[in-house]
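**Q** This structure is in structure tokens; I'll ask about it shortly.
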Amino acid sequence: MNCWEILGIEPTGDRRQIQQAYEQQMKFASGEEAEKLQQAFRQATGEVPDELATAADAPEEVSPESATPEPQLDGNDGQIVREVVIQIKALLNDSGRSADAGIWKAILCEPPADKPPIRREIASQLEPQVRPMAENGSLSLPVAQFLGEWFDWRSLQDVAEPADIRNYPEPEDAASGEEESPQMVNFWPAVVGWIVALVILSVLFGGMGGN
């Protein structure tokens with residue numbers, strides 16, 4: 003069978019007619035028959051069917067796994083990452099210095115540690131230990147806020163400063179203040195009573211002396 007017999011039409015140069023015949027036949031074709039129809043279409047037109055051409059032109063989807071991975075750090079950059087991580091872990095063992103955001107900035111922002119690829123790798127290695135400490139208040143507020151901005155840790159960027167309770171009296175102090183007030187109130191009647199008693203005694207003894 004020639005291509006026209008497979009397509010079921012008379013020989014023609016009308017591509018639209020050939021395409022319609024091909025599509026009509028493909029509705030009922032499968033497997034080997036579909037391949038024969040595709041070959042017949044090529045012979046009749048010298049081209050590939052529209053749906054095959056569209057499929058060939060469609061860009062191939064790239065899965066995340068096959069996407070180009072981020073370049074690996076070279077030996078020098080890797081050494082910088084290790085040194086910075088060691089410095090930060092040593093800093094965490096010093097409660098006084100670890101509360102100073104300026105020291106953290108001096109370590110993490112020092113070139114070339116501030117380069118984006120190196121910064122991301124440092125963040126990746128520090129996150130399991132440092133981020134939970136910053137979130138639960140083990141690190142000072144300025145340090146936590148700096149880490150949130152520097153490493154783009156969203157949970158630390160909106161950390162609020164805790165309420166200042168220094169100006170509020172302790173419960174015991176408030177209670178003692180309340181206890182002192184009645185004592186002060188009761189003190190003055192006693193003083194007045196003593197004054198009156200002294201005056202009366204003075205009058206009595208003065209009268210006796212006059213007699």
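Residue numbers for the sequence shown, in our numbering: 3 to 213.
Don't be surprised by glycine CBs; every beta carbon is placed ideally from N, CA and C.
Computed from a prediction, not measured in an experiment: that's the story for all the values here.
According to DSSP, is Trp1 part of a helix, a strand, or is it coil?
**A** This structure leaves residue 1 out entirely; the chain is present only between 3 and 213.
**Q** Between the Cα of Glu151 and the Cα atoms of Ser100, Lys107, Gln19, Ile120, which residue gives the shortest distance?
**A** Answer by Cα proximity: Lys107.
**Q** Return the CA-CA distance between Asn138 and Leu128, expressed in angstroms with no decimal places.
**A** Their Cα atoms are separated by approximately 16 Å.
**Q** So Ala23 and Leu9 are in contact, right, with Cβ under 8 Å, and what is the actual spacing, rounded?
**A** Right, their Cβ atoms sit about 5 Å apart.
**Q** Tell me where the alpha helix (DSSP H) around Asp79 begins and ends.
**A** Note, Asp79: alpha helix (DSSP H), 77 to 94.
**Q** Could you round the C-beta distance between Ile82 and Ile109 to whole angstroms and report it? I think they count as a contact, below 8 Å.
**A** Actually they are not in contact, since the Cβ atoms of Ile82 and Ile109 sit about 11 Å apart, beyond 8 Å.
**Q** Do you know whose CA, among Lys38, Ala46, Lys29, Asp76, lies nearest Ile11's CA?
**A** With distances taken between Cα atoms, Ile11 lies closest to Ala46.
**Q** Buried or exposed for Asn4, please, with buried defined as at least 16 other CB atoms from any protein chain shown within 10 angstroms of its CB.
**A** Looking at its Cβ environment, which holds fewer than 16 other Cβ atoms inside 10 Å, Asn4 is exposed.
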